[in-house]
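Numbering (my numbering), first residue to last: 300 to 802.
The beta-carbon is built from N, C-alpha and C at its ideal position, and this holds for glycine as well.
Presented below is the structure to which this report refers.
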């Protein structure tokens, strides 16, 4: 009887604990290329597996899952597709961002499904998860549902992402992953982006005059940021307790490859070069001179080439080239015959290459890719190939350099061991900290007091100004005293040395 009572008590507390830890989560991933979708899906589906209920707003429908409600807003997809067809340089990417993000926010917020969500009275959410990149207009849902925010950054993070939680931005020794893009964004934020996003939030979510501005919302509601990075592959930097690195969260043990790819890799006795430029860009729209240069360089190789090519055919391709519209990249990189990864240098591709220990040839196009590829080159795990300078000769040089010089594979294998040496798998860390924020109602104890300071207080300019004024005052007083003392001494000296007059 005593045993039964103990069991019942344990069962009661277990159920009670589950009730406490089970949460309703709302998530927005509206700018969602395929690679970004993988990060989102990995985290959210794991949260569902832990017993949480998730509602996700996304342009891409996924396989249905119990307690995984999908609100599909697919009118944002065409902007991403157009970008992939038309963009092959950094400046085009910047123009794309400012032309499209506002339109995406507007189209999502005025969507009838989202309006129904905004006007709902019976919905309750304990947490909101946003993609850190240009999901600012959805911060207002934190006020609507009185729920804390967790942001997911798909790379090591830009200064404004760290600013949102008051984390120090060490630009003196930690480069911004977007280089000059950040400075352009700062200017545009002040005079275009922020006012327009504020307008959208007030128009579609809350038109109250007292509704906070975007900056105020971000500082007030952002509880945690998950960064898809790791100190072993980025620049070491100070981090607050609510800035969590979960680089490689999406990487799983290798799965079985499709039979045609498995056979192709197995039969490559000289090895394989895997070539992919990610899910946003489209190599099928490369200029003809670039295609011809790649064809010529590949045709001279004894190695085989597996190329992610986004349409059905590739006229004129060399005999040693196999194409595929969508390839299981992480599984391919795990094959021992893959010797080089030709990549755009995106964060997820870089993480997968490091995890699998495959050296890289980086061809950066925009955003953080330049920093990722530059860092890989500096670490000796790959080389850089500039897109505008691609020729048969430059491609051949890059391939032979990485294929024939063993240092690149040795350096990459070493970095892979360091990267994988973690106390917990990245996905476990991401889930733990997500549930930590839920358990502690936004975890306000991790919030930095820096968020409540003005910029001049943050940089101690008020204190420095006071000290400078104090020093100036003291120096001024000393100078005045010295001048008066000197004047007094001179006067006394003159009196003593002047001839006395007798009547």
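Residue i versus residue j: straight-line alpha-carbon distance, rounded
{"i": "residue 608", "j": "residue 581", "result": "8 Å"}
{"i": "residue 441", "j": "residue 428", "result": "10 Å"}
{"i": "residue 653", "j": "residue 718", "result": "8 Å"}
{"i": "residue 419", "j": "residue 468", "result": "39 Å"}
{"i": "residue 620", "j": "residue 586", "result": "19 Å"}
{"i": "residue 791", "j": "residue 763", "result": "41 Å"}
{"i": "residue 533", "j": "residue 671", "result": "8 Å"}
{"i": "residue 781", "j": "residue 753", "result": "40 Å"}
{"i": "residue 524", "j": "residue 462", "result": "11 Å"}
{"i": "residue 593", "j": "residue 563", "result": "20 Å"}
{"i": "residue 520", "j": "residue 566", "result": "54 Å"}
{"i": "residue 547", "j": "residue 583", "result": "28 Å"}
{"i": "residue 725", "j": "residue 528", "result": "10 Å"}
{"i": "residue 421", "j": "residue 438", "result": "20 Å"}
{"i": "residue 330", "j": "residue 358", "result": "8 Å"}
{"i": "residue 339", "j": "residue 454", "result": "13 Å"}
{"i": "residue 686", "j": "residue 728", "result": "37 Å"}
{"i": "residue 720", "j": "residue 632", "result": "19 Å"}
{"i": "residue 536", "j": "residue 349", "result": "32 Å"}
{"i": "residue 697", "j": "residue 733", "result": "42 Å"}
{"i": "residue 452", "j": "residue 649", "result": "15 Å"}
{"i": "residue 628", "j": "residue 610", "result": "17 Å"}
{"i": "residue 479", "j": "residue 673", "result": "Low confidence applies here, because residue 479 scores a pLDDT of 42, under 50, leaving its location unreliable; read the following figure in that light. So the two alpha carbons sit approximately 15 Å from each other."}
{"i": "residue 387", "j": "residue 641", "result": "Model confidence at residue 387 stands at a pLDDT of 47, short of 50, so the residue's coordinates are unreliable and nothing is read from them."}
{"i": "residue 779", "j": "residue 795", "result": "24 Å"}
{"i": "residue 337", "j": "residue 578", "result": "11 Å"}
{"i": "residue 771", "j": "residue 460", "result": "39 Å"}
{"i": "residue 777", "j": "residue 793", "result": "24 Å"}
Close beta carbons around residue i, own chain, < 7 Å, minus the five adjacent residues each side
{"i": "residue 322", "result": "351, 425, 426 and 737"}
{"i": "residue 865", "result": "With the chain covering 300 to 802 only, the question about residue 865 has no answer from this structure."}
{"i": "residue 749", "result": "465 and 757"}
{"i": "residue 436", "result": "404, 408, 496, 499 and 500"}
{"i": "residue 369", "result": "355, 357, 360 and 361"}
{"i": "residue 735", "result": "742"}
{"i": "residue 599", "result": "695"}
Counterpart residues of residue i in DSSP-defined beta bridges
{"i": "residue 623", "result": "607"}
{"i": "residue 544", "result": "526"}
{"i": "residue 661", "result": "642 and 683"}
{"i": "residue 571", "result": "603 and 637"}
{"i": "residue 353", "result": "324 and 367"}
Assigned secondary structure, residue i (DSSP; H/G/I helix, E/B strand, else coil)
{"i": "residue 323", "result": "strand"}
{"i": "residue 369", "result": "strand"}
{"i": "residue 796", "result": "helix"}
{"i": "residue 753", "result": "coil"}
{"i": "residue 770", "result": "helix"}
{"i": "residue 449", "result": "strand"}
{"i": "residue 584", "result": "helix"}
{"i": "residue 566", "result": "coil"}
{"i": "residue 789", "result": "helix"}
{"i": "residue 784", "result": "helix"}
{"i": "residue 517", "result": "helix"}
{"i": "residue 329", "result": "coil"}
{"i": "residue 345", "result": "helix"}
{"i": "residue 430", "result": "strand"}
{"i": "residue 598", "result": "helix"}
{"i": "residue 536", "result": "coil"}
{"i": "residue 401", "result": "helix"}
{"i": "residue 510", "result": "coil"}
{"i": "residue 335", "result": "helix"}
{"i": "residue 592", "result": "helix"}
{"i": "residue 674", "result": "helix"}
{"i": "residue 360", "result": "coil"}
{"i": "residue 412", "result": "helix"}
6 Å Cβ shell around residue i - same chain, five flanking residues per side excluded
{"i": "residue 613", "result": "622"}
{"i": "residue 741", "result": "447 and 522"}
{"i": "residue 596", "result": "691, 694 and 695"}
{"i": "residue 325", "result": "354, 424 and 427"}
{"i": "residue 516", "result": "438"}
{"i": "residue 745", "result": "540 and 541"}
{"i": "residue 603", "result": "567, 571 and 619"}
Own chain residues within Cβ distance below 8 Å of residue i, not counting five before or after
{"i": "residue 343", "result": "324, 326, 353, 355, 367 and 428"}
{"i": "residue 384", "result": "For residue 384, the pLDDT reaches just 49, beneath the cut-off of 50, and the residue's location in the model is therefore unreliable, although a value from the coordinates is still provided. Cβ within range, chain order: 581 and 584."}
{"i": "residue 761", "result": "755"}
{"i": "residue 364", "result": "344 and 347"}
{"i": "residue 723", "result": "731"}
Inside the stretch 693–744 only - alpha helix (DSSP H) runs reaching at least 4 residues: Runs of the alpha helix (DSSP H) inside the stretch 693–744: 705–719 and 725–738.
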